[in-house]
Amino acid sequence: MRLPVEVWILSLISFLSAAGMGLVAPALPALAREYDVGITAMSVAISGFAAARLLANVGLIPALRHVRLRPVLAAGLGFQATTTFASGLATDYTWFVVFRCLSGIGSAAFTIASTALLVALAPADRRGRAMSVFGGSSGIGIVAGPAIGGALALAQPHLPLLVYGAALGLGGVIAVVLLRRARDVRTVEAAPPPAETDTAAVHTDGMIGRTRSPGALAQLFRDPLFRTVIACQFVHGWVNYGLRMAILPTYLESVGHGLAFVGIGLTVAAATQLVTTTVSGGVSDRLGRRPVLLTSFVLALGAIALFGFPAAPWIVIAAFFAFGLAGGAQASASSAMLADSRAGRTAAAAGVFWMTFDIAAIVGPLLTGVTVEVAGYPWALGVAALVVAVAAGVTVRMPRTRPS
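For the record, in the sequence shown the residue sitting at position 228 is 278 according to our numbering, with numbers rising by one throughout.
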């Protein structure tokens, strides 16, 4: 059965936002040189964006009780577009960091509103597939942007940020124009999720729920599927965002690879992730989420190991290829599993889902940057591998899910 057009519109907006984020990655080394700062200082700019998202998410979870989701979505995109464009015009490092941090507020509003709106509008019997499409488009966008970002950064380091702002503005226009006839919703009260579940739970009213009990957060983490989703999201924030976007471009440049080559490598990862996301969604429906997730973790560990030998270009390309396979499989299966979990039916769960990404995206670049400067890149890669291994251990312990 076909998905509603609103699912595809939300996925397109998510792709534009995430692709714009990827546009900036190849420009980071050039911006660091222009501002005369080190890798740790540039990591602060990246982590500050995630920190602002995290704080905004904390405030948005209760605020969603009182506002409709579609205006929050459009306003978030508009605010992020404005502040991102301003960061592209910044002439010194301080203003660059200020505007990058402010843009995180708009990003949080867009992300949590779009996730909640998606869960509310997707048909009950196709929510898992809808989440897979939405999550996959976001994951693809994160690594698709560098394909153009590398060339833009060579022309002018600030140009990727300006294009990013324009992409966000386009997403805001799409939200206002193409979603104007979509049913607008608020969050509604829902009973706390049960302790155990292995299949999707359905709210027949088509609304996203919010928990009321004081122990709601603890109840969310009693669901083993939700715990696995959170572990996967932490890997996504630390490895796919923190390591791939913030550290690898500088790492590869330090061993003699140019910005154009880095852009090519990230393009390989993007193309591979696109194909893998398309295929792995159906595979996880047939075989279950766990085999697909475990395969993605093995591939991620293999990619990290290959990056330990960066001198050979073909090894670097192979590592990006493995990263693309891992990212596509993980994005598809974990996003679908959020819909499988009854805990994922609440607004609190949607907030925790994205807050986890933000925490990992804050800690990941900062700790990785410090590790690089204190102990070197091999140790930073080792820490990333440990994060992946822990998530794999959590996934091994999750209950089997029945293929839909």
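Beta carbons: idealized from backbone N, C-alpha and C, even for Gly.
Remember, predicted model here, so these are calculated numbers, not experimental data.
Check	Outcome
Using the three-state DSSP reduction, which class does Ala225 fall into: helix, strand or coil?	helix
Let me know if Thr133 comes out buried or exposed under the rule of 16 or more other beta-carbons within 10 Å of its beta-carbon.	buried
Going along the chain, which residues of its own chain have a beta-carbon closer than 7 Å to the beta-carbon of Gly215, five neighbours each way excluded?	Ala131, Thr134, Phe135, Gly138
When you compare only the Cα positions, how much space is there between Arg447 and Val279?	12 Å
Please state if the CB of Leu167 and the CB of Leu60 are separated by a distance shorter than 8 Å.	yes
For Ala124 versus Val226, is the C-beta distance shorter than 8 Å?	yes
How many whole angstroms separate the CB atoms of Leu431 and Ile365, which I take to be in contact at a CB cut-off of 8 Å?	So it is not a contact: roughly 13 Å between Cβ atoms.
Do you know offhand how far Ala197's Cα is from Asn290's?	16 Å
From this set, Thr345, Pro360, Ala320, which residue's C-alpha is nearest Gly308's C-alpha?	Pro360
Less than 8 Å between the C-beta atoms of Glu56 and Leu171, yes or no?	yes
Measuring straight from C-alpha to C-alpha, what distance separates Trp288 and Val87?	22 Å
Would you mind working out which of Tyr301, Ala320, Leu375, Leu324 sits nearest Phe357, comparing C-alpha positions?	Tyr301
With a threshold of 7 Å, establish whether the CB of Asp408 neighbours any heavy atom of the ligand NAP.	You won't find the ligand NAP in this model; it holds no ligand whatsoever.
Between which two residues does the alpha helix (DSSP H) harbouring Ser391 extend?	First-last for Ser391: undefined, no H or E at that position.
Helix, strand or coil: which one does DSSP assign to Arg176?	helix
Given this structure, state the Cα-to-Cα distance separating Gly332 from Gln323, to the nearest angstrom.	15 Å
Would you kindly report the start and end of the unbroken alpha helix (DSSP H) that includes Ala58?	Correcting the residue identity first, residue 58 is Trp in this sequence and not Ala. Here the alpha helix (DSSP H) through Trp58 covers 55-74.
From the DSSP output, in three-state form, read off Arg52 for me.	coil
Going by CA-CA distance only, name the one from Leu110, Leu212, Ser334 that's closest to Thr165.	Leu110
For Asp335, which option in Phe403, Gly401, Leu204, Arg179 has the closest C-alpha, if you only look at C-alpha atoms?	Arg179
Between which residues of its own chain and Thr247 is the CB-CB distance below 7 Å, once the five residues before and five after are set aside?	Any reading at Thr247 must be qualified, since the residue scores a pLDDT of 38, below 50, and its modelled position is unreliable; the value itself is stated next. Cβ neighbours of Thr247 beyond the five flanking positions: Asp273, Leu275, Ser391, Arg392.
Looking only at its own chain, which residues have a Cβ that is under 8 Å from the Cβ of Thr421, when we skip the five neighbours before and after it?	Trp429, Ala430, Val433
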